[in-house]
Amino acid sequence: MKSIDRTEALKLLNKQRTDEVVVPVYQAATTWRSISTSHLDYTFTGAMGQGSSHALGLALGRPDKKIIILDGDGSLLMNLGSLVTIGNINPSNLVHCVCINGTYETNGSIQIPNHQNISFSKIAKAAGYKEILVIDDIHSWEKTIPELLTTNKLTFIELHVHPGNNQLQDNFKELYSTEQRNQFIRTLIKT
Amino acid sequence: MSNLTGRTIIEALEYAGIEYVLSVPDITTSENVLKPLMEVSPIKVIQVCKEDEGISIAAGLYATNKKSVVLIQHTGLLDSINCLRAVSMEIQNPTVLLVGLLRHEPGIQPKDSSRYGIQIITPILDSMNVPYSYIEKNGDEQKISKIIENCYKKCKPHVILIGGEPT
Numbered sequence: 517m518k519s520i521d522r523t524e525a526l527k528l529l530n531k532q533r534t535d536e537v538v539v540p541v542y543q544a545a546t547t548w549r550s551i552s553t554s555h556l557d558y559t560f561t562g563a564m565g566q567g568s569s570h571a572l573g574l575a576l577g578r579p580d581k582k583i584i585i586l587d588g589d590g591s592l593l594m595n596l597g598s599l600v601t602i603g604n605i606n607p608s609n610l611v612h613c614v615c616i617n618g619t620y621e622t623n624g625s626i627q628i629p630n631h632q633n634i635s636f637s638k639i640a641k642a643a644g645y646k647e648i649l650v651i652d653d654i655h656s657w658e659k660t661i662p663e664l665l666t667t668n669k670l671t672f673i674e675l676h677v678h679p680g681n682n683q684l685q686d687n688f689k690e691l692y693s694t695e696q697r698n699q700f701i702r703t704l705i706k707t
Numbered sequence: 003m004s005n006l007t008g009r010t011i012i013e014a015l016e017y018a019g020i021e022y023v024l025s026v027p028d029i030t031t032s033e034n035v036l037k038p039l040m041e042v043s044p045i046k047v048i049q050v051c052k053e054d055e056g057i058s059i060a061a062g063l064y065a066t067n068k069k070s071v072v073l074i075q076h077t078g079l080l081d082s083i084n085c086l087r088a089v090s091m092e093i094q095n096p097t098v099l100l101v102g103l104l105r106h107e108p109g110i111q112p113k114d115s116s117r118y119g120i121q122i123i124t125p126i127l128d129s130m131n132v133p134y135s136y137i138e139k140n141g142d143e144q145k146i147s148k149i150i151e152n153c154y155k156k157c158k159p160h161v162i163l164i165g166g167e168p169t
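For the record, the sequence lines run as chains L and D. When the letters of the first sequence are read in order and numbered with the working numbering, they come out as residues 517 to 707. When the letters of the second sequence are read in order and numbered with the working numbering, they come out as residues 3 to 169.
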């Protein structure tokens with residue numbers, strides 16, 4: 517399968533994003549932080565795999581806001597049951613984008629188990645997500661972004677990205693900062 | 003000693019402004035807390051597949067100014083220690099956990115239980131500096147709304163250990 521550069525993909529998303537809440541995890545969070553200057557970025561997920569659950573809480577609490585999670589395949593494997601929880605609730609304002617690179621990139625780029633065969637999109641469909649997309653080229657991604665920002669369906673995207681292209685140092689102290697979380701809350705209240 | 007009642011636990015949650023209960027079924031509280039919550043209470047129940055999901059959903063809800071509690075069994079608390087460490091303690095989220103002690107002997111403090119899984123609960127919470135309370139008998143429910151209020155005021159977790167099956 518083809519794949520795209522994650523940084524390029526996230527830059528395109530940032531270009532079109534307005535006041536949506538974005539919940540990036542791990543490497544996507546580090547990259548996203550280098551691109552976005554918004555105070556509506558929620559990076560305070562703490563433990564691996566928990567991003568999708570934080571995003572569900574945000575989606576439930578603010579049904580008027582679009583919530584976009586930039587998950588990872590290694591992360592989602594740690595909290596695979598959250599797909600069933602989310603599918604059961606069916607929040608129409610949640611877009612679940614999983615950056616698939618077949619590795620635990622933060623932990624030394626070791627491959628995830630059974631990475632050649634696993635289909636997250638099929639699992640998400642079975643779990644109850646309403647719209648499923650598989651994207652592996654940058655032009656399709658660019659064309660899809662406006663749809664993601666406006667859809668009223670619980671959406672799952674398998675976004676295939678190059679493995680091991682991380683050039684940035686993780687800064688978990690900043691990503692999980694309580695002070696910045698409080699800033700996020702103050703910003704969210706105003707929007 | 004008369005038992006806790008599910009009705010007064012639910013009333014305490016409603017009084018404290020709880021809008022969501024995030025739960026994996028717990029045998030101690032299923033019949034008289036979780037089922038009435040799902041059937042008659044205005045509080046919304048979100049069934050999660052694993053207990054740590056509840057802690058994280060609660061954090062997301064808190065960021066939107068919504069109050070919730072996590073209703074689980076002590077086995078699920080043990081499974082969620084890393085999430086409690088990171089999401090509740092390090093990032094400082096007001097996580098309120100109602101934790102049923104599976105097959106706990108009445109009148110015995112958890113640390114004195116003959117069951118290993120229950121004995122270790124409060125030492126683990128002590129080592130993590132996570133505050134906890136123990137409720138077992140009728141009237142103890144009155145502590146719940148104050149605990150929730152303090153939790154949200156201080157942005158800290160609190161574990162409420164439920165030692166007996168509410169009637």
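Note that CB positions come from ideal geometry on N, CA and C, so glycine has one too.
The secondary-structure analysis by DSSP pairs Pro112(D) with nothing; it has no beta-bridge partner.
Assignment of beta strand (DSSP E) within the region 130 to 157 of chain D, counting only whole runs of 3 or more residues, yields 134 to 137 in chain order. Contact between the region 139 to 157 of chain D and the region 95 to 112 of chain D is present: 3 or more CB-CB pairs across the two stretches fall below 8 Å. Around Gly565(L), the same chain offers Ser591, Met594 and Asn595 as residues with beta carbons nearer than 6 Å, after the five sequence neighbours per side are excluded.
Nearest C-alpha to Lys46(D) among Ala60(D), Glu53(D) and Asp54(D): Ala60(D). Leu572(L) reaches chain D at Ile59 and Gly62, counting residues in chain order whose Cβ is nearer than 7 Å.
Near chain D, meaning a CB-to-CB distance below 9 Å, the residues of the region 555 to 584 of chain L are Tyr558, Phe560, Thr561, Gly562, Ala563, Met564, Gly565, Gln566, Gly567, Ser568, Ser569, His570, Ala571, Leu572, Gly573, Leu574, Ala575, Leu576, Gly577, Arg578, Lys581 and Ile583.
Within the same chain, Cβ atoms closer than 6 Å to the Cβ of Ile584(L) are found at Glu536, Val538 and Val611, the five residues on either side in sequence being excluded. If you check the CB distance, Leu526(L) and Thr547(L) come in under 9 Å.
For His612(L), the enclosing beta strand (DSSP E) covers residues Leu610 to Ile616.
Across the set Arg522(L), Lys518(L), Ser519(L) and Ser550(L), the C-alpha of Ser550(L) shows the shortest separation from the C-alpha of Asn687(L). For Lys46(D), the enclosing beta strand (DSSP E) starts and ends at Lys46 to Gln49.
In the three-state reduction of the DSSP assignment, Phe560(L) falls in the coil class. The three-state reading of DSSP puts Val42(D) in coil, since its state is none of H, G, I, E or B. Assigned with DSSP and collapsed to three states, Pro607(L) falls in coil, not helix or strand. Residues of the region 24 to 54 of chain D whose Cβ lies closer than 9 Å to any Cβ of chain L, in chain order: Leu24, Lys46, Ile48, Gln49, Val50, Cys51, Lys52 and Asp54. Residues of chain L whose Cβ lies closer than 9 Å to the Cβ of Glu167(D) do not exist, since the nearest Cβ in that chain is about 26 Å away.
Residues of chain D with a Cβ closer than 8 Å to the Cβ of Tyr692(L) are, in chain order, Ala88, Glu92 and Ile93. Annotation for Leu104(D): Ile29, Thr30, Gln75, His76 and Thr77 place their beta carbon closer than 7 Å to its own, counting only its chain and skipping 5 residues before and after.
Excluding residues up to 5 positions away in sequence, Leu596 and Leu599 lie with their Cβ nearer than 8 Å to the Cβ of Ile639(L) in the same chain. Of the residues His655(L), Lys581(L) and Ile701(L), the one whose Cα lies closest to the Cα of Phe560(L) is Ile701(L).
Listed as beta-bridge partners of Pro540(L) by DSSP are Leu586(L). Ranked by how close their Cα comes to the Cα of Leu649(L), the residues Val614(L), Ile628(L), Pro679(L) and Pro607(L) have Val614(L) in first place.
When secondary structure is reduced to three states using DSSP, Ser552(L) falls in the coil class, being assigned neither helix nor strand. By the 16-neighbour rule on beta-carbons within 10 angstroms, Ile705(L) is exposed. Taking the CA atoms as reference points, Glu33(D) sits about 30 Å from Cys157(D). Cβ proximity to chain D below 9 Å picks out Ser598, Leu599, Val600, Thr601, Asn604 and Ile605 from the region 598 to 613 of chain L. DSSP links Glu13(D) through a beta bridge to no other residue. Not one beta carbon of chain D lies nearer than 9 Å to the beta carbon of Asn633(L). When secondary structure is reduced to three states using DSSP, Val89(D) falls in the helix class. In the DSSP assignment, Glu647(L) is bridged to Thr671(L). By the CB criterion at 9 Å, Asn84(D) and Ala563(L) fall inside the cutoff. Under the three-state reduction of DSSP output, Asn630(L) falls in the coil class, being neither helix nor strand.
Residue nearest to Thr694(L) within the set Gly62(D), Thr66(D) and Ile93(D) is Ile93(D) (criterion: CA-CA distance). Contacts with chain D at 9 Å (Cβ-Cβ) include Asn595(L).
Put simply, the backbone Cα of Leu100(D) is about 29 Å away from that of Asp587(L).
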